[in-house]
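Sequential numbering from 1188 applies to the sequence shown in the numbering used here.
Idealized CB from N, CA, C, for every residue including glycine.
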Amino acid sequence: MGIILLDIGNVIVDVDFGAFCRAVSRDGEEGAEAIFSRYCISEEKLLFDKGLIAPLDYLGMMAGDPEIRSMPLNELEAAWQNIFTLKEGVAKAIGRLREKHAIWIMSDTDPLHFSFLLNNFPVLKQAERYLLSFEHGYLKREPEFFRELLAAEPERDAREFILIDDREENCRCAEACGIRTHLFIDWPLALDYFETML
């Protein structure tokens, strides 16, 4: 039995940050583009994902942004969270993987997104462990994330772990630490990989 380190975004769920940006933009599509750059792919978002910015502080930054229309914080939080759609066939695929492997979630995410995901997508509760960037302070593009994992599991060989992730840089980082990877494209290909390689 191996341990599958399973990413969330674009593996278990599709992510549409544009939905958030359009929902809160004061100035239509032009404003939405600025919001996307500022909060969805920025250095601040990476710090939020690493747990270095508190959720209320991040929401406060957005609430004070002139590009974002005025709304109660709970509505802003709901818009920030309501960007996910479960991928087709994922529940069945994870069920098949669990027949032979342990499932650990390993994700670069912030606490607002993760709490929403866990509460709204029951498939995530099938995981045995959760390794989350905002709790560990590292992203999967940083080797420290994988080194910390291996140091915490000294009885396990790195080859017992298999990362399923949609980002090449994350896969390269895991491989540099001795962890096998599968670059995710879709679930049929991922299941074929596990049928033929393990």
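Between the beta-carbon of Asp1236 and that of Leu1326 there is about 6 Å, and that keeps the pair under the 8 Å contact cut.
Put simply, the backbone Cα of Ala1339 is about 35 Å away from that of Ala1265. Residues Leu1299, His1300, Phe1303 of the same chain have their beta carbon placed closer than 7 Å to that of Gln1268, with the five preceding and five following residues left out of the count. C-alpha of Asn1261 to C-alpha of Asp1344: approximately 44 Å in a straight line. Note that the C-beta distance between Ile1351 and Ala1377 is below 8 Å. Here Tyr1317 carries a strand assignment [DSSP, helix/strand/coil].
The residues Ser1294, Thr1296, Phe1301, in chain order, have a CB closer than 7 Å to that of Leu1319 in the same chain once the five nearest residues on each side in sequence are set aside. With a cutoff of 8 Å on beta-carbon distance, Leu1284 and Ile1290 are scored as near each other.
Straight through space, the alpha carbons of Asp1353 and Asn1197 are spaced by roughly 7 Å. In this structure, the alpha-carbon of Tyr1380 lies about 30 Å from that of Phe1204. Where Asp1244 is concerned, the enclosing alpha helix (DSSP H) starts and stops at 1242-1250. If you draw a 10 Å sphere on the C-beta of Leu1239, you find fewer than 16 other C-beta atoms in it, and that means exposed. DSSP places Arg1256 in no alpha helix (DSSP H); its state is neither H nor E. When the five nearest sequence neighbours on each side are left out, the beta carbons in the same chain lying within less than 8 Å of the beta carbon of Lys1312 are those of Leu1305, in order along the chain. The Cβ atoms of Val1211 and Ile1270 lie no closer than 8 Å to each other. Within the model, the alpha-carbon separation for Gly1215 versus Pro1253 is close to 13 Å.
Judged by their CB atoms, Leu1263 and Phe1308 are not nearer to each other than the 8 Å cut-off.
Here Arg1346 is near Gly1365, since their CB atoms are less than 8 Å apart. Per DSSP, the continuous alpha helix (DSSP H) segment holding Asp1236 begins and ends at 1230-1236.
Shown here, His1300 sits in a helix according to DSSP, grouped into three states. For Thr1368, the CB contacts under 6 Å within the same chain, skipping 5 residues up- and downstream, are Leu1350, Cys1358, Ala1361, Glu1362 in chain order.
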